[in-house]
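Data block below; observations after.
Protein chains: 2
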Amino acid sequence: MPSKSKTVQLSHGGGGKEMDQLIKSVFFNAFDNPILSAEEDAAKLNLSGPVAFTTDSFTVSPLFFAGGDIGKLAIAGTVNDLAMMAAEPQYLSCSFIIEEGFAINDLKTIVNSMAKELHKSGARIVCGDTKVVPKGCADGVFINTTGVGRILNPNVSVKNIQPGDAIIVSRDVGRHGATILMSREGLSLESDLSSDCATLWPIVEQLVATSTPIHAMRDATRGGLSAVLNEWSKASNVGIDVDEDAIPVADEVKGLCELFGFEPYDLANEGTFILAVPKAAAAGAVEIMKRYGNCEHAAIIGHVTEAHAGKVVLTTPWGSHRYLDLPQGELLPRIC
Amino acid sequence: MPSKSKTVQLSHGGGGKEMDQLIKSVFFNAFDNPILSAEEDAAKLNLSGPVAFTTDSFTVSPLFFAGGDIGKLAIAGTVNDLAMMAAEPQYLSCSFIIEEGFAINDLKTIVNSMAKELHKSGARIVCGDTKVVPKGCADGVFINTTGVGRILNPNVSVKNIQPGDAIIVSRDVGRHGATILMSREGLSLESDLSSDCATLWPIVEQLVATSTPIHAMRDATRGGLSAVLNEWSKASNVGIDVDEDAIPVADEVKGLCELFGFEPYDLANEGTFILAVPKAAAAGAVEIMKRYGNCEHAAIIGHVTEAHAGKVVLTTPWGSHRYLDLPQGELLPRIC
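Sequence order for the protein chains is A and B.
Here this note's numbering is used: position 5 in the first sequence is 942, and no number is missing along the way.
Here this note's numbering is used: position 14 in the second sequence is 951, and no number is missing along the way.
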């Protein structure tokens, strides 16, 4: 890049010479693979049988946070959405909306972070798009990733949760939301707290490979644990009982929640998932999960009932009960 | 929607109750189909054989313009990218980034425009995502659509253009770019000019069904006719000769180009495509195209040569020759 191009210019989005250069020097350099083509309008894929198809746009602020950045998040997020359908993450598209004046070096850092995260699942970026908007029309960079992948276990479904199932959480909850909150409040230097942002496919692949009878799986992103459990109880028309004492929450997350009036169960996660499996299979699933980094604190946190269908009931450490509701109100904007 | 929600609020992107309501009342209402699910993280598709996969983010400004809006554009753009691979547009994802304060009524207009455009190809939206960013962090609304579709003719490729091929353009060029330019300059009321924005699949389907031996196909979006022909000449390592007199350009587009110093061949189109077919098949292809609305002015504009490989040569109305180069510089930002 010539020195005049240390930042992204409107001409980089014009469809001409400058765009061609940016795409080749930044994107192709990092994402190179035999399917990705600078010349065709679309990638050619060979797919067969049932596949999962999912999309997510990432607008997180700040772009760089403890434990990750928007690039890592854009890959892990979509790969995880496929993984949660028991689908092998295979092919991703990526589309950038970049604000004029964005530093090319920051763009390269983000793109390299994406390339690194792709290696954790084996997924590949096979097509893309770049738009540049004038200064003030976007905030830094937004990334969309859309993924397709072969479904390995077609029975995994939000509608397949059954009374008697155990509810498992893969690790302590609320880290991503708390980390973003912390960095917005300028508290980053006072804490070791970092986002849980991670690719979950290796763990899911192992659960599938060991024929764990997974009924439902979901990463607890926006709306956190509360949103997943409420959606599940409604979609499968079951009650879910959760033992508050059993839900792992880091002390730093608890502290921030007390300070700012949030509920840790409502905070977003980006590498934490919830699993519903028959009770008999629960201990085995937890055993498998604990072998993986980030899942050392995997725990059974509750179970599914026929009673109070459509509702999630939390048993507090003092033995009292309360409904855990779908979060509402503003929560934290631009968490992902 | 209660009256306090006449505009999109940050809470509409939070993953809780408000988001659920927005998605159901606006998106599901318009896009309803058996595959689209509010409950799963991904759509389940049955695909087999070679498929095309393509992505585009749309940031056009203004959002509403003569001949279309960002919604129509977001569907036609991705459907056309599939069509240009001779792929039947089947499944689309759509992802919205919405600025806080955006009018719900405008959002509904855009979404209804998407639904209407989907009917022109039979493609369906099967998964989606909604993000809301604080006021000032985006400009109105950005939409990503990503599509998959079955490839009907695997031979269509930017690398398959051969000396002797005829180059056909489906209609007059530069309309979309000129329309956006016009509306930015506040000239809209003085002209009947409108964007060419349109779904091209019905025409392409007919070309495929009649076994037209298509070598390459491309919609002339960003960078216009100039970008397509230059990319083709390089990708297939051939020369392309174009007769300037044969390229249809509307008088209004010519006038605007003279006024603002643009070249009509560099301006974006959103419903205009270029075709390379063997010379013997060219008249038949043009005949088929002319049967369709918007293609009445389809014309053979040039041919492919072995000479000057990698270059596009324009013969002017005065018989002189000049290179038609890949556009460079700022052009028009936020054209699509």
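Beta carbons are placed, not taken as given, at the ideal position from N, Cα and C, and that holds for glycine.
Just so we're clear, the structure is a prediction, and the values are computed from it rather than from any experiment.
Is there a Cβ of chain A sitting closer than 9 Å to that of B/V1241, yes or no?
So, not an interface residue.
Are the beta-carbon atoms of B/A1103 and B/A1244 separated by less than 9 Å?
No. Outside cutoff.
What's the gap between the Cα of B/F1039 and the Cα of B/S994?
C-alpha separation (whole angstroms): 18 Å.
Where B/N1231 and B/R1112 are concerned, what is the direct C-alpha to C-alpha distance, given to the nearest angstrom?
Using only the alpha carbons, I get a separation of about 12 Å.
Let me see if you follow: with CB-CB separation under 9 Å, is B/I1140 close to chain A or not?
Chain A, which has no Cβ nearer than 9 Å to the Cβ of B/I1140, makes this no.
Return the first residue and the last residue of the beta strand (DSSP E) that B/K1248 is part of.
First-last for B/K1248: undefined, no H or E at that position.
Please go through the same chain and pick out, in chain order, the residues whose beta-carbon is closer than 6 Å to the beta-carbon of A/S1058, but skip the five residues on each side of it.
Only V1016, P1026, T1136 and W1138 meet the Cβ criterion.
Please tell me whether A/N970 and A/I1062 are closer than 9 Å, where the distance is taken between their beta carbons.
In this structure, A/I1062 lies closer than 9 Å to A/N970 by Cβ.
Using a cut-off of 8 Å between C-beta atoms, extract the partners of B/I1034 located in chain A.
The answer, in chain order, is S994, T996, I1034 and F1079.
Report back the beta-carbon spacing between B/G1101 and B/S1050 to the nearest angstrom; my notes put them in contact at under 8 Å.
42 Å between Cβ atoms; not a contact.
Note down, in chain order, all residues in the region 1239–1273 of chain A with a beta-carbon under 9 Å from any beta-carbon belonging to chain B.
So the list reads D1262, L1263, P1264, Q1265, G1266, E1267, L1268, L1269, P1270, R1271, I1272 and C1273, given in the order they occur along the chain.
Any contact of the region 1082–1092 of chain A with the region 1233–1252 of chain A, i.e. 3+ C-beta pairs under 8 Å?
Output reads no: the region 1233–1252 of chain A does not touch the region 1082–1092 of chain A.
Between which two residues does the alpha helix (DSSP H) holding B/F1197 run?
D1188 to F1197 is the span of the alpha helix (DSSP H), which, as asked, contains B/F1197.
Excluding the 5 residues preceding and the 5 following A/Q958 in the sequence, name in chain order all residues of the same chain whose CB lies nearer than 6 Å to its CB.
Within the same chain, A/Q958 has no close Cβ partners at all.
Please list the terminal residues of the continuous alpha helix (DSSP H) segment that includes A/N1231.
Premise fails: A/N1231 is in no alpha helix (DSSP H) and is neither H nor E.
Strictly below 9 Å CB to CB, what residues from chain B border A/C1134?
Under the 9 Å cutoff, chain B gives no residues; its nearest Cβ is about 16 Å from A/C1134.
Helix, strand or coil: which one does DSSP assign to B/Q1027?
B/Q1027 falls in the strand class under three-state DSSP.
Closer than 8 Å by C-beta to B/T1242: which residues in its own chain qualify, once you throw out the five before and the five after it? Chain order, please.
Within the same chain, B/T1242 has close Cβ partners P1100, V1175, G1176, I1177 and D1178.
Mind listing the chain A neighbours of B/E955? Cutoff is C-beta to C-beta under 7 Å, in chain order.
By Cβ distance, chain A contributes Q1265.
In the region 1099–1167 of chain B, which residue ranges form an unbroken alpha helix (DSSP H) of at least 4 residues, counting only runs that do not cross its ends?
Fully enclosed alpha helix (DSSP H) runs of 4 or longer: 1112–1121 and 1138–1146.
By Cβ distance below 8 Å, which residues in the same chain neighbour A/T1067 in space, the five residues on each side in sequence not counted?
Hits under 8 Å: H949, G950, M956, L959, I960, F964, S1032, F1033 and I1035.
Considering only the alpha carbon of each residue, which of B/I1098, B/E977, B/P1270 and B/S1120 lies closest to A/R1155?
The candidate whose alpha carbon is nearest that of A/R1155 is B/E977.
Can you look up B/M956 in the DSSP assignment and give me helix, strand or coil?
If DSSP states are grouped into helix, strand and coil, B/M956 belongs with the helices.
Under 8 Å Cβ-Cβ, which residues of chain B neighbour A/E977?
The answer, in chain order, is M1022, S1094 and V1095.
Pick helix, strand or coil for A/K981, following the three-state DSSP scheme.
Looking at A/K981 - three-state DSSP - the assignment turns out to be strand.
Ends of the alpha helix (DSSP H) at B/D1018?
Looking at the DSSP string, the run of the alpha helix (DSSP H) that includes B/D1018 is I1007 to A1020.
Please name the residue or residues paired with B/V1078 in a DSSP beta bridge.
DSSP output for B/V1078 lists B/I1035 as bridge partner(s).
Leaving aside the five residues before and after B/K1227 along the sequence, list all residues of the same chain whose C-beta is less than 7 Å from its C-beta, in chain order.
So the list reads E1233 and A1235, once near-sequence residues are dropped.
What separation, rounded to the nearest whole angstrom, lies between the Cα atoms of B/E1168 and A/D1109?
For B/E1168 and A/D1109, the distance between alpha carbons rounds to 51 Å.
Assuming the contact rule is C-beta atoms closer than 8 Å, B/A1003 and B/T1158 should be a hit. Round their C-beta distance to whole Å, please.
Contact flag wrong, Cβ pair sits at about 18 Å.
Do A/V1078 and A/A1047 have their beta-carbon atoms positioned less than 9 Å apart in this structure?
The residue you asked about is not Ala; residue 1047 of chain A is Ile in the sequence shown. Cβ atoms of A/I1047 and A/V1078: closer than 9 Å.
What first and last residue would you give for the alpha helix (DSSP H) that runs through A/A1003?
Premise fails: A/A1003 is in no alpha helix (DSSP H) and is neither H nor E.
Using only the alpha-carbon positions, how far apart do B/A1217 and B/S1132 sit?
About 32 Å.
With DSSP as the reference, please indicate the residues paired to B/C1064 in a beta bridge.
According to DSSP, B/C1064 bridges with B/S1030.
Measure from the alpha carbon of B/I1211 to the alpha carbon of each residue in B/L1196, B/I1140 and B/A1052, then state which is nearest.
Closest by alpha carbon: B/I1140.
Against chain B, does A/C1031 count as a neighbour if the rule is that its beta carbon must be under 9 Å from one of theirs?
Yes, A/C1031 lies at the interface with chain B (some Cβ there is under 9 Å from its Cβ).
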